[in-house]
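Structure first, commentary second.
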Amino acid sequence: MEVRLVKVLKGLAEFNDETLGELLERIVLHSFDPVSGDEGEACASPHGRAQLKAIEDLKRVYGLDAESQAPRVLAKQQ
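Given below as structure tokens:
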């Protein structure tokens with residue numbers, strides 16, 4: 185996993201007062217839940233507005249500018 189992404193995840197876990205493992209489990213479980221009407225196209229997000237703002241801030245702090253559509257870009261940057 186790309187180092188900056190791990191730093192963002194660790195920061196988010198701390199923001200949520202949970203372990204990294206708990207955060208990852210919650211993210212994965214939510215990814216299994218489709219958004220009604222968009223099955224196969226979208227999944228539920230475990231993040232509220234405050235968490236999304238924290239994610240935005242953490243991405244900026246750690247220089248992570250990749251979006252969910254760019255996993256191959258991260259791999260190539262390593």
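Residues 185 to 262, numbered by our numbering, are exactly what the sequence shown covers, in order. Ideal placement from N, C-alpha and C gives every residue a C-beta, glycine not left out.
Supposed close pair Ala228, Asp217 - CB separation, criterion 8 Å: With 8 Å as the limit, Ala228 and Asp217 qualify as a contact, their Cβ atoms being about 4 Å apart.
Beta-bridge pairing of Pro218 - partner residues as DSSP gives them: Paired residues: Cys227.
Proximity below 9 Å, CB of Gly195 to CB of Ala238: Yes, Cβ-Cβ distance for Gly195 and Ala238 is below 9 Å.
Spatially closest choice to Arg210 from Glu225, Gly232, Gly221 and Met185, by CA coordinates: Scanning Glu225, Gly232, Gly221 and Met185 for the CA closest to the CA of Arg210 turns up Gly232.
Run of the alpha helix (DSSP H) containing Glu202, from where it starts to where it stops: No alpha helix (DSSP H) holds Glu202; DSSP gives it neither H nor E.
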